[in-house]
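First up is the structure itself, then whatever we jot down about it.
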Amino acid sequence: MSSRITQQWATFSRIWYLIDAYRQPPGRVAVAISKVLQGKHKPIYHPLSDVGDHVVVINTSQVAYAKDKWEEKIYYHHTGYPGGFSETPAHEFHQKDPTKVIKKAVYGMLPKDLRRREMMRRLHLFADHDVPEDILANVSEQIKPPRVVPRALTEYTQEELDNFPKLWLPKEPKY
Amino acid sequence: MVHLSLVRMIRSRGPDRYWRKRFYLDQSTQYFGRRRNCFSVAVRAVRRAWQNSTAGRKKKKGQMRRLWNLRISAAVQEHGLTYGPFIGNLLKHNIRLDRKVLSHIAIYEPKTFKCLAELASQKHKEGLLATLAKNPEGFLSGPVTQDDLLAESVRKLRLSSNPSASS
Amino acid sequence: MANRQFPSAFLKSVLQNGVGRYVCQLQRLTFQFSKVHGTSRGVRDYIEEDIIDFARKNPQVVLYVTPHNKFSSPRIVAEFLNGTKRSVQLSTLDREEVSTQVDLLRTQSGNDLVRIRRPYHTDFPSIQGAWHPFANKPTNLNIAEFPTKEPTFAHPKTRRWDVLGREEMEDHLKEVIKQKESGS
Chain A
1 MSSRITQQWA
11 TFSRIWYLID
21 AYRQPPGRVA
31 VAISKVLQGK
41 HKPIYHPLSD
51 VGDHVVVINT
61 SQVAYAKDKW
71 EEKIYYHHTG
81 YPGGFSETPA
91 HEFHQKDPTK
101 VIKKAVYGML
111 PKDLRRREMM
121 RRLHLFADHD
131 VPEDILANVS
141 EQIKPPRVVP
151 RALTEYTQEE
161 LDNFPKLWLP
171 KEPKY
Chain B
1 MVHLSLVRMI
11 RSRGPDRYWR
21 KRFYLDQSTQ
31 YFGRRRNCFS
41 VAVRAVRRAW
51 QNSTAGRKKK
61 KGQMRRLWNL
71 RISAAVQEHG
81 LTYGPFIGNL
91 LKHNIRLDRK
101 VLSHIAIYEP
111 KTFKCLAELA
121 SQKHKEGLLA
131 TLAKNPEGFL
141 SGPVTQDDLL
151 AESVRKLRLS
161 SNPSASS
Chain C
1 MANRQFPSAF
11 LKSVLQNGVG
21 RYVCQLQRLT
31 FQFSKVHGTS
41 RGVRDYIEED
51 IIDFARKNPQ
61 VVLYVTPHNK
71 FSSPRIVAEF
81 LNGTKRSVQL
91 STLDREEVST
101 QVDLLRTQSG
111 NDLVRIRRPY
121 HTDFPSIQGA
131 WHPFANKPTN
141 LNIAEFPTKE
151 PTFAHPKTRR
161 WDVLGREEME
171 DHLKEVIKQK
181 ESGS
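Chains as they are written, first to last, in UniProt numbering: chain A, 1 to 175; chain B, 1 to 167; chain C, 1 to 184.
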């Protein structure tokens, strides 16, 4: 009998995931995170049983919005009092707290009920790659970032540039 | 659920107003506030509850199916496959387990489920994807019918079994 | 309506009773009835005609027969091996109906009569061991250090290079380029 109880503990145990937000789009990172926080990656998922896992996000200050979204995206807030309306562009919002863009994106993607606060408590955000050791010791797997980390041309070595497969052959200039 | 009040109503002589009310009030015993004891409010609440339970019987089937699908897709992703190819390719193997049983297997017999996922993923790679892999430029040359694809996968299997012939 | 106001339980038997041998769960029967009252007539008939046979057939059941004028509505009080006590009203029942009531109590397990959630039950739902988060994880995670450059947890999207392999695909492209070069 007791062995079955420990089996139950193993089935419902929470594990910790790490994700690196370096040069990643915040929305797509938040999709990956919210699924894990809800526990939708487990075959035992049920909306009433709390089976979500922990997620540690590093390098949140390095997230990358596409195009002009740092200027165009605006975070609205109203305090409820007259004149309490405020609108903050994403770049200002990001400067105030570099973890907030991801946090807000994830918060919006979780189910809007009493489970949401509990799930958000299992999200650990860090602006850079310095994570306290006790948190890092819990991590048992890393989530693949949603896109391949883009590199500038200057960040490639000469060897890589030479070996890169060429899709077409540039013609000889005529001059 | 046993409705004793109706039986008593038939049995009792005289006006049946009391037992008619008891019939509704018995069912509202767990409700909140006036919906429990005040008849005119309770009768509305009980009738609405009947409507909800009738609708719920139909809704439940869809909800359960959605839950099973979600569980299957979560389980199958651990083996590197997605839900659609998994279900479709199991059918091609003529494995006709329904979603309820598949999700149950995923939880309680995980090794069996792993075998099912491997079967499906093998079938998946034999199909259209194999032809795409041959033509990574992204177009399929010539007429592509199901027979062509089958012949192609057979050729590929022969090549993989006899590497000297390919070179 | 499957509601929460009534208790419910899963299907169970008393210590797999009847798998090897059968132990009758009924321990005591107390007949409480009146010697004179008309409602007790069936019980009195049962006691005169059938109770001796019942006692002979079921020596494990202790019988108490307690006639008293205060019992204007007769009843049986049954006590079971697991400690439950159940009383059954017998007023205006005839002899055969009393007999069926007694037989019912004799064959019952003494468990509470509640709504049963599922018509099937097993103590061992899993043969291979139920799923747990570490069941299908790659084993090299045991020695991995985080953050790592090769994360493993991802939504599987089957891309062309997943089938062919990225290096093979690059080789293939290089071959295509060589052919084009030689052709031009």
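Beta carbons are placed, not taken as given, at the ideal position from N, Cα and C, and that holds for glycine. Owing to the predicted nature of the structure, the values given are computational and were not obtained by experimental measurement.
Close Cβ partners of Q95 (chain A) (< 8 Å) along its chain, the five nearest in sequence each way excluded
Cβ neighbours of Q95 (chain A) beyond the five flanking positions: none.
From the DSSP output, in three-state form, read off L161 (chain A) for me.
Three-state result, L161 (chain A): helix.
For the candidate residues A:F164, A:W70, A:L110, whose alpha-carbon lies nearest to that of I33 (chain A)?
For I33 (chain A), the closest C-alpha among the options A:F164, A:W70, A:L110 is that of A:L110.
Residue interval of the beta strand (DSSP E) (run including V62 (chain C)):
Segment 62-67, the beta strand (DSSP E) holding V62 (chain C).
Looking only at C-alpha atoms, which of B:N89, B:K92, B:E126, B:M64 sits nearest to H104 (chain B)?
Selected option, being the one with the closest Cα: B:M64.
Contacts of A106 (chain B) in chain A (Cβ-Cβ under 7 Å):
Per Cβ cutoff of 7 Å: P43.
DSSP has W70 (chain A) in a bridge; who is on the other side?
Beta-bridge pairing links W70 (chain A) to no other residue.
Below 7 Å CB to CB, which residues in the same chain sit around A55 (chain C) once its five sequence neighbours on both sides are set aside?
Contacts found: L63.
Would you give the residue range spanned by the alpha helix (DSSP H) that T112 (chain B) belongs to?
Taken as a continuous stretch (DSSP letters only), the alpha helix (DSSP H) holding T112 (chain B) covers 110-126.
Buried versus exposed, by CB contacts within 10 Å (16 or more), H78 (chain A)
Around the beta-carbon of H78 (chain A), fewer than 16 other beta-carbon atoms lie within 10 Å, marking it exposed.
Which chain B residues are close to K40 (chain A), counting only those with a beta carbon under 7 Å from its beta carbon?
Ordered by position in chain B, the residues that pass the 7 Å Cβ test against K40 (chain A) are L70, A74.
Quick one: is Q77 (chain B) buried, meaning 16 or more other Cβ sit within 10 Å of its Cβ, or exposed?
Buried, by the Cβ-count rule.
Is A117 (chain B) near A75 (chain B), with beta carbons less than 9 Å apart?
Yes, these two residues count as a Cβ contact at 9 Å.
Stretch-stretch touch, CB-based, cutoff 8 Å, three pairs: the segment 113-123 of chain A with the segment 114-122 of chain C:
Between the segment 113-123 of chain A and the segment 114-122 of chain C, the count of C-beta pairs closer than 8 Å stays below three; the two stretches do not touch.
Looking at chain B, is there any beta carbon in it that lies within less than 9 Å of the beta carbon of E71 (chain A)?
Not one chain B Cβ lies under 9 Å of E71 (chain A).
Looking at the unbroken alpha helix (DSSP H) that takes in H54 (chain A), where does it start and where does it end?
Not the alpha helix (DSSP H): H54 (chain A) falls in the beta strand (DSSP E), residues 54-58.
Under a CB-based cut-off of 9 Å, is K111 (chain B) close to chain C?
Under the Cβ distance rule, K111 (chain B) counts among the residues neighbouring chain C, one pair being separated by less than 9 Å.
Starting from E87 (chain A) and walking both ways along the alpha helix (DSSP H), at which residues does that stretch end?
It is not in any alpha helix (DSSP H) - E87 (chain A) instead sits in the beta strand (DSSP E) that spans 85-89.
Alpha helix (DSSP H) runs contained entirely in the segment 9-49 of chain A, provided each spans 4 or more residues:
For the segment 9-49 of chain A, whole alpha helix (DSSP H) runs of length 4 or above, ordered along the chain, are 26-38.
Checking 9 Å against the spacing of the C-beta atoms, do Q142 (chain A) and P156 (chain C) come in under that value?
No. Outside cutoff.
Pairs of beta-carbons, one from the segment 129-149 of chain A and one from the segment 16-31 of chain A, closer than 8 Å: are there three or more?
Counting Cβ pairs under 8 Å, three or more are found: they touch.
Please check the pair I44 (chain A) and T11 (chain A), which I expect to be a contact at CB under 8 Å, by giving their CB distance rounded to whole angstroms.
About 6 Å separates the Cβ atoms of I44 (chain A) and T11 (chain A), confirming a contact at the 8 Å cut-off.
Min CB distance H155 (chain C) to chain B below 9 Å
It does: the Cβ of H155 (chain C) has a partner Cβ on chain B nearer than 9 Å.
Just checking: is the beta-carbon of H129 (chain A) within a distance shorter than 9 Å of some beta-carbon in chain C?
The Cβ of H129 (chain A) sits closer than 9 Å to at least one Cβ of chain C.
With DSSP as the reference, please indicate the residues paired to Y75 (chain A) in a beta bridge.
Looking at the DSSP assignment, Y75 (chain A) forms a beta bridge with A:T88.
Short CB-CB distance (under 9 Å) between T60 (chain A) and chain C:
Not closer than 9 Å to any Cβ of chain C, the Cβ of T60 (chain A) fails to qualify, so no.
Does the beta-carbon of I95 (chain B) have 16 or more other beta-carbons within 10 angstroms, so that it is buried, or is it exposed?
Counting C-beta atoms within 10 angstroms of its own C-beta, I95 (chain B) has fewer than 16 neighbours from the protein chains shown and is therefore classed as exposed.
Sequence-distant residues of its chain with Cβ nearer than 6 Å to L136 (chain A) (five each side left out):
Nothing meets the Cβ criterion.
Which residues bound the beta strand (DSSP E) around S87 (chain C)?
From DSSP, the beta strand (DSSP E) with S87 (chain C) extends over 85-89.
Chain A beta carbons: is any one of them nearer than 9 Å to that of L140 (chain B)?
In this predicted model, L140 (chain B) has a pLDDT of only 49, less than 50, meaning its place in the structure is not dependable; the value taken from the coordinates is given anyway. Not closer than 9 Å to any Cβ of chain A, the Cβ of L140 (chain B) fails to qualify, so no.
Determine whether the beta carbon atoms of E91 (chain C) and S40 (chain C) lie at a separation below 9 Å.
Position check: residue 91 (chain C) holds Ser in this sequence, whereas Glu was assumed. It is a contact, given that the beta carbons lie within the stated cut-off.
Buried or exposed by the 16-neighbour rule on C-beta atoms within 10 Å, applied to H129 (chain A):
H129 (chain A) counts as exposed, since fewer than 16 other beta carbons sit within 10 angstroms of its beta carbon.
Proximity below 9 Å, CB of P147 (chain C) to CB of S13 (chain A):
In this structure, P147 (chain C) sits away from S13 (chain A), with a CB-CB distance that is not shorter than 9 Å.
Where do the ends of the alpha helix (DSSP H) carrying V46 (chain B) lie?
Boundaries of the alpha helix (DSSP H) around V46 (chain B): 39-77.
Where K89 (chain A) and A64 (chain A) are concerned, what is the direct C-alpha to C-alpha distance, given to the nearest angstrom?
The question names Lys, but residue 89 (chain A) is Pro in the sequence shown. Roughly 15 Å between the two C-alpha positions.
With a cut-off of 8 Å on the beta carbons, I'd call V57 (chain A) and A21 (chain A) a contact; round off their distance for me.
Sure, about 6 Å apart at Cβ, within 8 Å.
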